[in-house]
Structures are given as structure tokens and as C-alpha cells.
Amino acid sequence: MPVRFRPGPPLLLLLVLAACTADAPRGTVVTFPGSALGAEGELLAAQVERFERVHPGVRVELRRTPDAADQRHQLYVQWLAARVPDPDVLQLDVVWTAEFAAAGWIRPLELPAAARDDFFPAPLAAARWRERLYALPWFVDVGVLYWRTDLLEAPPQSFAALERQAQAALARGDVELGWIFQGARYEGLVTVFLELLAARGGAILDAEGRVVVDREPAVAALAALRDAIQVSGVAPREVLTWQEEPVRLAFQNGRALFMRNWPYAHALLRDPERSKVAGRFAVAPLPAAALGGQLLAVNAASDVPEAARLLVAFLTAPEQLRERAARLGQLPPRRSLYDDPELAEALAIPVEDALASIERAVPRPVTPLWTELSSTLQVHLHRALSGQREPREALTAAADELRRRLARAGLGADA
Amino acid sequence: MSPGARSEGRLAALLGLPVALCVLAVAVLPMLWTVWESLHRHDLRLPWLGRPRVGLANYAEALAEARFWDALAHTLFFVLASVGLEMVLGLLLALLLHRAFRGRAALRTLALLPWAIPTVVAALVWRFLFEGAPAPGGVPWLADATLAWVPVVLADVWKTTPFVALLLLAGLQSMDEALLEAARVDGATAWRSFLHVTLPLLRPALLVALVFRTLDAFRVFDLVVVLTGGGPGTATEPLALYTFGALLQELRFGYGAALSVIAFGVGFALALAYVRLVGRR
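Line order of the protein sequences matches chains A and B.
Everything in the first sequence is counted per our numbering, starting at 29 for the first residue and increasing by one.
Everything in the second sequence is counted per our numbering, starting at 938 for the first residue and increasing by one.
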């Protein structure tokens, strides 16, 4: 039964409380439900305190939201569709911009020309919808390949080489698992598929927004992935139930030769207290890396849009981003920060690899329907990978369904 | 009717009013609202489409969708497999616990333990068991469209067999021992007296257990979410999970409401059929 979140009573209570304390010095309050866990939460709190010192009269209230992307998405949509004025500042996944902007839920932002050249084009493109800017990049994520330096001389340069090396290592009995990645039925699977697809020159939607995921490069990419799991055994069938963390744990326990994951795993893997592969692994850029990361945007219904914009500008300013990179190992979205020698120390991958990965990072299709299209694609990809459908058959069915869904939303580009 | 009785009747109606209003507010109204919602196209993420009345289009879409029929078939398969096993095993367990032996009380308590564990916790435990490194039997159970059903059904049977056993045990204990005694005197074998005396007398208890379990199993959700997420692909996705996805993940309220109404219809038909079955004895 549809249950809609109605923040009416709590909001009313807040208003009443606010009215009761009318004589106290009143300031503008900006609410922001950002990632508030662990070290990330501590750093954010410290930065927000600095912001309040720079802008006396503005108070920032940090809110807790679920950290799982799909849960946060669900919550945001319910808030925004109800036109709730807070939270004022929103933390968006790179693939949500089009959806929220097309719905009119987030405000267009202005960016000074100097800053425009400083941000990498890929994350900035993910912050745009129909030529307008709606968000500012907070940090960038790119898929990378972790490999074992104690078992290999050099990382593979192609997918075929990765398969060969994994097969050889498995045959020698060096390692239990060859190549592991995020293969469960969720967004992560789509990013893995997209990386293989882009390396073959294919795409999910073309530049005009037409569905092209049933073309040859896509069939070849999916067949290669299916064969790695079901035929050659280069990848274990268990990956079909694994998201980031089970994959990271298997690699951390020394079970696998190669792992596809995000840069976050680096700091955990090099901790000798917990990791069996500390000092025995390295990170290599992928031929094509999927673009991930988070953006900051302003709620269109916000009562304090100016203060909210100030907070977004402050949190995405070089000083704050440098701090996030140094303390959390997150890749900053600004090019100028990569000249800093301190950054090299903190990042998971060598600076030149990080730059190369970001420069050629592959964005997921920019469409307001992305979350829906992705969940459809996940089902069909997973059917092919678990051997229930042939790759071509699965992708034909997926493409038909994607076209149907786009047409239903009035966004179909296919004649 | 005497005036006193009439005024008493009025008082009864008056006293019953709050309850009737409560039922109306928490059961009937939301249901009617869901039906109303199902006649609209209402997609929370596509506000530019508005919320137009579309008649039965959402129902037509569901009936034309292979994933819907798969989900329905999965649900019915799950009901048949898990409830079937639970009834057989529950009966055996009840017969065992019915006998007098030392430590019976302790065993009864122990047998009930799985029933007391929250479903999500039980499902997690089973998931860890079947996902272990190495997986039991060296088979990746949760990654195979057919094998994935094994942990799902097994976990449900493990968890709810005690419940069935408890209901049947109550039935056994209220049975008149003299009837079994008479059968024995007449020279009936244990098997014959079970078949012709125990089982017919146990019929009401069996039916009650069957009704409860069927309707419960029809709504299966948490177990599957935790164990397989409905996968691989959508190979173990029941109706409740498909509806949840449309409603709360894709936020297609109109379509999701239509699915809810269909699920409600099927569940209601099942309940009606059972009520008639029970009432016929």
C-alpha cells in the first residue's frame, strides 16, 4: 500500500518551537543530510563549524540519512515530491541529477568561469541537465583494478590479458579465485558491465538518447562476462551475490588475484592489522572506468536558497576538498589539487593514474529515468550472467523494455 | 422486543461504533484509496506527467508483464513447497511430542525456538550458511536459478514447522483417548488407527494450520529479500517483492497500487476458499 512520508506534524512542531523562541537571536538555518558516518562525519562536522565562523548568522544543521544509495534516493524523492523546504542542501549520487533537475526539485547553480575550468569535465557533465548546472561535484569515484604484486609482475593491459593471467594463476594453484567484481543484481553490476562495454566502444544509450544496448559491442561484452563466470571460471559464481564489501573481504583475505572495486578499498586493504594482502597489492587504472561520486545541490523548495548556495560553494572550495582527499582518500573533482604533493600520499592510486582514470571516466547515461532503466537492466544482465538467458536474448529483451519505459515517460528517442 | 432489549441493542451499537470506525479508518479506507490510486498513472519521479486517470491501464500492464506472472508462479510454488513440507514435518513432530517420555517439556520448548527468531535474523543465518566459503557441497546455491529455491524453502520450513506442530499438538491433546483405545481393542494396527481415527479427528486442527500457513506464505517477503533479493535475475521473486520494487523503489504508485490490489484479490480468494473448506465439516 502506498505510504507517503508526510513531515507535517514534526514540521509544525518545529514552527511552533521556533515561534516560542522568537526573542532569541535568530539566524538562518541550513539543513544538510550528508554522509555522517565515522571519519567522514567528523570531517564534515569540522568543516561545517568553519563555515559557520566564516558566515556568522548562518547555522548548519547536519541530518542523518541512510548511507545506502537506494534508500537515500527513495527518501529524497519522497521529500522533494512533497515540496518539503528542508533539507536545504542535498547530497546527490552522480546519476540522480537529471532526474531531480527534470522534476524541478533542485535549483540551477552558477559557477564562476575560473572554477568551471578547474572541475573535471566528466563530473561537471554529471551535474548538468539540458545545458544548465544544477549541482557541484563533491568527490569523484572511478572503478579501478586491484592486483596482487606477489603473484604477478605487472597488471594486465586488457580484459583478454586479465583472463589469461587469471587462468594461469588458477592452473598453478597460486590463488583460489581469479577475478572478482560486483556481480549482485544492483547498480554496481551495471557499472561493471558499462566498463567492459565502453572498452569495446559500446554504450547503453547513444548521444541522442536512443537505446543501443542490444548492439554487437554490448552482446560481446556481456558474453565475455558470462563466459568468465559460467565457462572459464576465471570469475567465481559467488560474485553473482556480491556487492562491494564481500568482494573487498575476499580480496583482503588473499583469496583472489584481481578485484574490480572503487578507490575506498585501498585504505582498508593496506592496513596490516586486518588485511592479509597489505603490501602485496597495487592498483591499476581500468581501460574504461565507470564514473561515480557525489554532488551537492540545493533543494528548489528551500526557504534559504542563498545560504544553501553558500554552503555548497564552501564545501566544494579547494581548501575543503583538499582536506577530504587527505583525510578520506577521496578523489577531488578539481584538477588544480592534483599538483599538491601531499595529495599523492593520501590517494589510493598514483596521481597520474588517477588523472588518467578521471579524464576518460565513462558516465552512466544522463536521463531522468536512470534509476528505473538501471534496475531493468540489472535484471536482464543478471539473468544472462546466471545462465538463465543467452546474452543476445537478454539484451534484446532489456532494450525493448528500456524503450518502452522511456516512451511511457515521454522521453523516448526511438521513432 | 421489549423496550429494555431495544435500548440495550442501541447501547450495543453505540459501544461498537468506535471499533467500527477504527476498522473503517485503518482497513477499509486505505484499501479503497489503493484501488483509487491504481486507476491513475502516478509516478512520483515524473511529476511532469501529472496524475491522470488511466482506467484499467495499470492492470492491463501487469497482466501483459511476464515478470508479474513469474512472480505469481513463484509465490504459488513457494506456498506449495513450503506449506506442504511444513504440514508433513509438523505432523510428525506433533505425534512425537504427543508421546509421553522423559524430557518432553524441554524438547517442546526447544522445538519452538526457530519460531521465536525474527524472520530477518533467521534468513541472515541461512544466507551465511549457504554463502559460506566454501559453500556447502561446493555449490553456489544463491547464484543458480533452481538451486536458490533450496535455501529459501528450507529456511521457511525450518522456521515455521514448529508453529504447525504446536497447532497440531493442541489438536492431538484435545482428542479422546478412548477412541484410540477402542480401535486397539478391535485389533487395528497402529497405522490403521492413525489413518482412520487420529487423522479424521485431527482434521480441524490440520485445516487451521493449513489456512494460517498458506496465507502467511502467500505474503512471503522478508525471507526472500534477505536470502536472494529475488534473484538470480528474478528467479525467486515473489509477488510481494515485485510489488515492493514497483511501489517503493521505482516509485510508480499507480502501477504498484494495481499490483497490491491484485495480490489482495488472490489472497482474499484463497482465504474465502479455505473458509468454505473449514466451514464444510
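Yeah, the Cβ is synthetic: ideal placement off N, Cα and C, and Gly gets one too.
Quick one: list the residues of chain A neighbouring residue i, beta-carbon separation under 7 Å, in chain order.
i	result
B/Asp1007	Within chain A, no residue comes near B/Asp1007; the closest Cβ sits about 11 Å away, beyond 7 Å.
B/Thr1171	Val407
B/Ala1125	Near B/Ala1125 there are no residues of chain A at all, since even the closest Cβ is about 52 Å away, more than 7 Å.
B/Leu1185	Gln102
Identify which residue in the options has its Cα closest to the Cα of residue i.
i	options	result
B/Gly1075	A/Glu400, A/Glu351, A/Glu266 and A/Gly237	A/Glu266
B/Leu1049	B/Val1203, B/Leu1030, B/Trp1063 and B/Phe1065	B/Leu1030
A/Ala317	A/Glu77, A/Glu223 and A/Ala435	A/Glu223
B/Arg1150	B/Phe1131, B/Leu1104 and B/His1011	B/Leu1104
A/Ala153	A/Leu323, A/Glu347 and A/Ser330	A/Leu323
A/Ala437	B/Gly941, B/His979 and B/Phe1005	B/His979
A/Met287	A/Val86, A/Ile208 and A/Val170	A/Ile208
A/Ala495	B/Leu983, B/Val1163 and B/Leu1152	Any answer about residue 495 of chain A is impossible in this case: the structure gives chain A only from 29 up to 443.
A/Ala74	A/Pro113, A/Leu180 and A/Leu343	A/Leu343
A/Val117	A/Arg432, A/Val82 and A/Ser63	A/Ser63
A/Arg135	A/Ala325, A/Ala235, A/Glu373 and A/Leu409	A/Ala325
B/Leu1084	B/Arg1156, B/Leu948 and B/Thr1165	B/Thr1165
A/Glu138	A/Leu338, A/Leu371 and A/Thr399	A/Leu338
A/Tyr214	A/Trp175, A/Leu434, A/Ala96 and A/Arg433	A/Ala96
B/Asp1081	A/Arg432, A/Glu89, A/Arg433 and A/Gly415	A/Gly415
A/Leu314	A/Asp169, A/Ser330 and A/Arg92	A/Asp169
A/His408	A/Arg200, A/Phe187, A/Phe60 and A/Ala246	A/Ala246
B/Gln1186	B/Leu981, B/Ala1107, B/Phe1014 and B/Trp970	B/Leu981
A/Gln119	A/Val112, A/Tyr104 and A/Gly132	A/Tyr104
B/Arg1213	B/Pro1141, B/Val1134 and B/Thr1056	B/Pro1141
A/Phe167	A/Ile386, A/Ala189 and A/Gly216	A/Ile386
What residues from chain B crowd round residue i, counting only those whose CB sits closer than 7 Å?
i	result
A/Ala427	Near A/Ala427 there are no residues of chain B at all, since even the closest Cβ is about 15 Å away, more than 7 Å.
A/Asp109	Residue identity differs from the one stated: residue 109 of chain A is Ala in this sequence, not Asp. Neighbours of A/Ala109 on chain B, chain order: Leu981 and Pro984.
A/His410	Gly1168, Pro1169 and Gly1170
Can you grab the Cα-Cα spacing for the pair residue i / residue j, in whole Å?
i	j	result
A/Glu273	A/Arg420	30 Å
A/Ala226	A/Trp270	22 Å
A/Leu161	A/Phe221	28 Å
B/Pro1169	B/Thr1097	25 Å
A/Val340	A/Gln106	22 Å
B/Val1215	B/Ala1120	26 Å
B/Val1203	B/Val963	21 Å
A/Leu430	B/Val972	27 Å
A/Ser364	B/Val1161	48 Å
B/Val1025	B/Leu1132	14 Å
A/Gly36	A/Thr399	Per-residue confidence for A/Gly36 stands at a pLDDT of 45, beneath the threshold of 50, marking its modelled position as unreliable; no derived number is given.
B/Val1148	B/Phe1155	11 Å
A/Gly171	A/Leu180	21 Å
A/Ala141	A/Leu268	45 Å
A/Thr49	A/Leu371	For A/Thr49, the predicted structure reports a pLDDT of 40, less than 50, and the residue's modelled location is therefore unreliable. The matter cannot be settled from this model.
B/Leu1188	B/Leu952	41 Å
B/Thr1171	B/Asp1007	8 Å
A/Gly282	A/Gln193	16 Å
B/Val1087	B/Ala1018	10 Å
Am I right that residue i and residue j are in contact with their C-beta atoms under 8 Å? What's the rounded C-beta distance?
i	j	result
A/Val259	A/Ser402	Not quite, the Cβ-Cβ distance comes to about 26 Å (not below 8 Å), so this is no contact.
A/Leu297	A/Ala306	7 Å
B/Leu1022	B/Val965	Going by Cβ atoms, the distance from B/Leu1022 to B/Val965 rounds to 36 Å, so no, they are not a contact pair.
A/Asn289	A/Arg302	That belief does not hold up - the Cβ atoms of A/Asn289 and A/Arg302 are roughly 16 Å apart, past 8 Å.
B/Ala1177	B/Ala1200	7 Å
B/Trp1052	B/Phe1067	In fact, because the Cβ distance is near 21 Å, the residues do not count as touching under 8 Å.
Closer than 7 Å by C-beta to residue i: which residues in its own chain qualify, once you throw out the five before and the five after it? Chain order, please.
i	result
A/Asp51	Only weak support exists for where A/Asp51 lies, its pLDDT of 37 falling under 50; the coordinates are left without a value.
A/Thr177	Arg308, Phe309 and Ala310
A/Leu71	Glu351, Arg352, Arg355 and Leu356
A/Gln348	Gln75 and Phe342
B/Leu1152	Gly1204, Leu1207 and Ala1208
A/Ala67	Arg355 and Leu356
Listing by chain order, which chain B residues have their CB less than 8 Å from the CB of residue i?
i	result
A/Leu253	Here the premise fails: no neighbours, minimum Cβ distance about 14 Å.
A/Thr56	Here the premise fails: no neighbours, minimum Cβ distance about 28 Å.
A/Ala131	Arg982, Leu983, Pro984 and Trp985
A/Arg388	Chain B residues near A/Arg388: none, gap ~30 Å exceeds 8 Å.
Taking 6 Å as the limit between beta carbons, can you name the residues of its chain near residue i, skipping five residues before and five after?
i	result
A/Ala129	Trp157 and Tyr162
A/Arg254	Ala412, Leu413 and Pro419
A/Thr395	Ala126
A/Arg54	For A/Arg54, the predicted structure reports a pLDDT of 49, less than 50, and the residue's modelled location is therefore unreliable. The matter cannot be settled from this model.
So is residue i in contact with chain D if we call contact Cβ pairs under 7 Å?
i	result
A/Gln416	The structure shown has no chain D; the protein chains it does contain are A and B.
To which residues of the same chain is residue i closer than 8 Å at the C-beta, ignoring the five residues directly before and after it?
i	result
A/Gln195	Gly206, Ser260 and Val262
A/Leu45	Low per-residue confidence applies at A/Leu45: pLDDT is 42, beneath 50, and the placement is therefore not dependable, though the value from the model is reported in the following sentence. Cβ neighbours of A/Leu45 beyond the five flanking positions: none.
B/Val991	Leu976, His977, Arg978 and Gly1191
A/Glu380	none
Can you pull the chain B residues whose beta carbon is under 9 Å from the beta carbon of residue i, in chain order?
i	result
A/Thr269	Arg1064, Glu1068, Pro1077, Leu1079, Ala1080, Thr1165, Gly1166, Gly1168 and Pro1169
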